[in-house]
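Undergrad:
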Amino acid sequence: MEQISGTQIAFAVVAALLAYVAIETAASAYASPQPVVMEQPAMVPVYELRRQQEEQWLKSGFWHRIV
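Structure, rendered in structure tokens:
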């Protein structure tokens, strides 16, 4: 069995400390996301959306170029 030298132990300790610092830094830099809001969006009937789109289309004047 091979002996582990003091240099190898020191290197392993330094590597473990660097890994720990990297993980802690990443954890603080990438904090957990904002809590998810479980709220339903406003339900609008399709015919109301179409009416709003047609109204916006007529107001825009774009229809003059088509006709």
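Under the numbering used here, the first residue of the sequence shown is numbered 18, with each subsequent residue one higher.
Here a beta-carbon is modelled for each residue, glycine too, at the ideal position from N, C-alpha and C.
Being a predicted model, the structure only gives us computed values, none of them experimental.
Could you give the residue range of the alpha helix (DSSP H) that holds V63?
TA: Looking up residue 63 in the sequence shown gives position 46. 63-77 is the extent of the alpha helix (DSSP H) around V63.
Undergrad: When you compare only the Cα positions, how much space is there between V31 and I21?
TA: Working through the sequence shown from its first residue, we reach residue 31 at position 14. Working through the sequence shown from its first residue, we reach residue 21 at position 4. Those two C-alpha atoms are separated by around 16 Å.
Undergrad: Helix, strand or coil: how does DSSP classify I21 here?
TA: Along the sequence shown, one-based indexing puts residue 21 at 4. I21: coil per DSSP, three-state reduction.
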